[in-house]
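Visitor: Here our numbering = 1-based position in the sequence shown + 11. Even glycine gets a Cβ: it sits at the ideal position worked out from N, Cα and C.
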Amino acid sequence: MRVALINPRFRLPIDTRTTPHLGLAYLGAVSEERGDEVRIFDADVEDQPLEEFLREFRPHIVGITANTPQVKQAWRTAAAVKRVLDIPVVLGGPHPSVVSENLDFESLEHEGVDIVVRGEGEATWLEVCQKVESFLRDQPAFSTKVLMDPGKKIWDDVLGISYKTSDGQLHRNPDRPAIEDLDSLPWPAYHLFKMERYTNLQPAIDHVEGARSFSILTSRGCPYRCAFCSQSVMPIKWRARSPENVLEEWRHLVRDLGAEEIGVLDDSANIRVKRLMELADLLIANRLNHVPWIFVNGIRANLASRELLAKLKQAGLKRTAFGVESGDPQVLTAIDKRIDLDTIREAFRNAKAVGLETIGFFIIGLPGDTRESMQRTIDFACELDPLIANFSMMTPYPGTRVYEIVKRHGRMLVEDWEDYVFFDGRARYELGDLTAELQEEMWKKAYRQFYLRPHRVLMTVTRKDFWLNYRRTFRVAWRTIFPRREKEELRKQLEAQGGL
12 MRVALINPRF RLPIDTRTTP HLGLAYLGAV SEERGDEVRI FDADVEDQPL
62 EEFLREFRPH IVGITANTPQ VKQAWRTAAA VKRVLDIPVV LGGPHPSVVS
112 ENLDFESLEH EGVDIVVRGE GEATWLEVCQ KVESFLRDQP AFSTKVLMDP
162 GKKIWDDVLG ISYKTSDGQL HRNPDRPAIE DLDSLPWPAY HLFKMERYTN
212 LQPAIDHVEG ARSFSILTSR GCPYRCAFCS QSVMPIKWRA RSPENVLEEW
262 RHLVRDLGAE EIGVLDDSAN IRVKRLMELA DLLIANRLNH VPWIFVNGIR
312 ANLASRELLA KLKQAGLKRT AFGVESGDPQ VLTAIDKRID LDTIREAFRN
362 AKAVGLETIG FFIIGLPGDT RESMQRTIDF ACELDPLIAN FSMMTPYPGT
412 RVYEIVKRHG RMLVEDWEDY VFFDGRARYE LGDLTAELQE EMWKKAYRQF
462 YLRPHRVLMT VTRKDFWLNY RRTFRVAWRT IFPRREKEEL RKQLEAQGGL
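#1: Evaluate V265 with the Cβ neighbour count: other Cβ atoms within 10 Å of its Cβ, from every protein chain shown; 16 or more gives buried, anything less gives exposed.
#2: Along the chain, where does the beta strand (DSSP E) containing A400 start, and where does it finish?
#3: Under the assumption that I310 contacts T331 (Cβ atoms under 8 Å), give the Cβ distance between them as a whole number of angstroms.
#4: Which one of F373, A296, I75, E120 has the shortest CA to CA distance from C240?
#5: Answer with buried or exposed for P465, where buried requires no fewer than 16 other C-beta atoms within 10 angstroms of its C-beta.
#6: Just to confirm my understanding: we take L398, look at its own chain, exclude 5 residues before and 5 after, and list those with CB closer than 6 Å. What are they?
#7: In whole angstroms, what separates the C-alpha of R437 from that of D292?
#8: Who are the near neighbours of R382 in its chain, counting only those whose CB is closer than 8 Å to its CB and skipping five residues on each side?
#9: 8 Å is my cut-off, CB to CB: does E271 come that close to chain B?
#10: Let me check understanding here. Comparing Cα to Cα, which of W86, G269, S42 lies closest to M206?
#11: Give the straight-line distance between the Cα atoms of V56 and V82, rounded to the nearest whole angstrom.
#12: Taking only runs of the alpha helix (DSSP H) that begin and end inside the stretch 82–145, which ones reach a length of at least 4 residues, in chain order?
#13: Distance check for T30 and V302, CA to CA, integer angstroms please.
#14: Helix, strand or coil: how does DSSP classify D292 here?
#15: With a threshold of 7 Å on Cβ separation, who are the neighbours of I216 within its own chain once the five nearest residues in sequence on each side are excluded?
#16: Output the distance between the C-alpha atoms of Y201 and I227, rounded to the nearest integer angstrom.
#17: Would you report the Cα separation of R236 and K348, rounded to the nearest angstrom?
#18: Quick one: is R129 buried, meaning 16 or more other Cβ sit within 10 Å of its Cβ, or exposed?
#19: Using only alpha-carbon positions, find the residue among P378, G74, M12 that is nearest to E44.
#20: Out of T88, A296, W198, which has the shortest C-alpha to C-alpha gap to D267?
#21: Work out the CA separation of Y174 and H218 for me, nearest whole Å.
#22: Distance check for E336 and I350, CA to CA, integer angstroms please.
#23: Which parts of the stretch 230–291 are runs of the alpha helix (DSSP H), unbroken and 4 residues or longer, counting only runs that do not cross its ends?
#24: Kindly list the residues whose CB is nearer than 7 Å to the CB of A40, restricted to its own chain and excluding five residues on each side of it in sequence; keep chain order.
#25: Would you identify the three-state DSSP class for F68, choosing helix, strand or coil?
#26: Could you tell me the alpha carbon to alpha carbon distance between G132 and F204, rounded to whole angstroms?
#27: Roughly how far, in whole angstroms, is the beta-carbon of H32 from the beta-carbon of D53, given that I think they are within contact range, below 8 Å?
#28: Would you mind working out which of A321, G327, P378 sits nearest Q341, comparing C-alpha positions?
#29: Return the CA-CA distance between D339 and R223, expressed in angstroms with no decimal places.
#30: Which of helix, strand or coil does DSSP assign to K205?
#31: Who does D53 pair with in a DSSP beta bridge?
#32: Which class does Y431 belong to by DSSP, given the choice of helix, strand or coil?
#33: Restricting to Cα atoms, I'd like to know which of H121, W166, A152 is closest to K138.
#34: Have a look at S230, P19, R422, V124 and flag the residue whose alpha-carbon is nearest the alpha-carbon of N78.
#35: Tell me E368's beta-bridge partners as DSSP assigns them.
See below:
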């Protein structure tokens, strides 16, 4: 059976790096393992029109991924598929998995979407493909209308899906349990991507801009349930691959695929410290520690001992991130972060002591924030002084507790899912005295206060990667550090000097 997997075109309003979609890489791998011919169409890097791709490949089924700001483009993509081929279209990803807001049904109400896969997709996707393949054997004259006929009851027993029958009725089957044995999954099918068209992850080291970068998942799930986190819609149970299984994929990335940088995408990689220590020992023993790697999404600060970080540094770790969120103890309690400021301080001290670069993730405009608490967050960021401080605007994603709080007690300022991005400095909600103007003012102040300190400016301009990527650095700074009025004044000065 021919299977097409699509990542709809979506670019954030800032300069962002483009990396292969790991979820589609896993779906492609399990499909190939069952004997399917698979193509991945990543619209972010493709030149070929989608319609042309579909006519050439003629898939029997299409899977489309969608996060919240991407979902409208996913709906448009589904409709485009149906205009070319009469085939089942399956939508998956974080956004349509939020059943508490009926977002699975929201997607099914759009033209072209037949089935929604909720939560982890691999096992459910396989069963959906098996159902379609069986139907194709029995029905040579294929029709999606017949495939979705309620009288045939084809989809009644498939766990983890919501679907639309041909009479227009919407159905939601029970959830599918999370995958327990992650070692049983095949490695992501990176050969299905045009790897030369992707950027590297951050980058990890000065001289690898444009390097071959790959992502890896060593665990899934997160036992924490922070009030703001969109991952709260995914399985709560933390599950991990064995160190030996991770090692084999790591070896494959380095020796077979030529990885020059690896990004660990786990949400909480260090939940089980002993496992991570064992993995580090294996990377060292197998001489795979020459390739730099990073924790893209960060690790838990309360589990980041100096001993662990020293071992990881020896195993090739170049940079790690920590989700700090706030510098105000009361706000940390309100968002159920389950950590205190001294623990965060110690984690940063430990990382710097062993020679690791650090990233701090901070959020401006959390529920309970005031001008004073947001200033404490900015001051705390300056005290911690990570290599990179990332200040994002609080964006209440559906399915999170913050979303519920704002719906009940506040006011959402955005209605379009495509506006649910958190890097462009626009407030997404108001709650009591936490106005949009205050949030936006403090967000701009955060970047200015952190990055325009004299020692930060000096440190930045003396780094090799600054000069390798100075055009991109100035574009990002232009869009984040300077308020609109200051931008206009600076633009006039530069134009007068012939600088633009």
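Guide: According to the structure shown:
#1: buried
#2: 399–404
#3: 6 Å
#4: F373
#5: exposed
#6: E368, T369
#7: 44 Å
#8: L449, M453
#9: Of the chains in the structure shown, none is chain B; there is only one protein chain.
#10: G269
#11: 18 Å
#12: 82–95, 114–119
#13: 18 Å
#14: helix
#15: Model confidence at I216 stands at a pLDDT of 49, short of 50, so the residue's coordinates are unreliable and nothing is read from them.
#16: 11 Å
#17: 8 Å
#18: buried
#19: M12
#20: W198
#21: With a pLDDT of 46 at H218, under the threshold of 50, the predicted position of this residue should be treated as unreliable, though the coordinate-derived value follows. Approximately 48 Å between the Cα atoms of the pair.
#22: 11 Å
#23: 254–262
#24: P197, W198, P199, A200
#25: helix
#26: 19 Å
#27: 7 Å
#28: P378
#29: 39 Å
#30: coil
#31: N18
#32: coil
#33: For the sequence presented, residue 138 should be read as Glu rather than Lys. E138 has its Cα closest to that of W166, out of H121, W166, A152.
#34: P19
#35: R330
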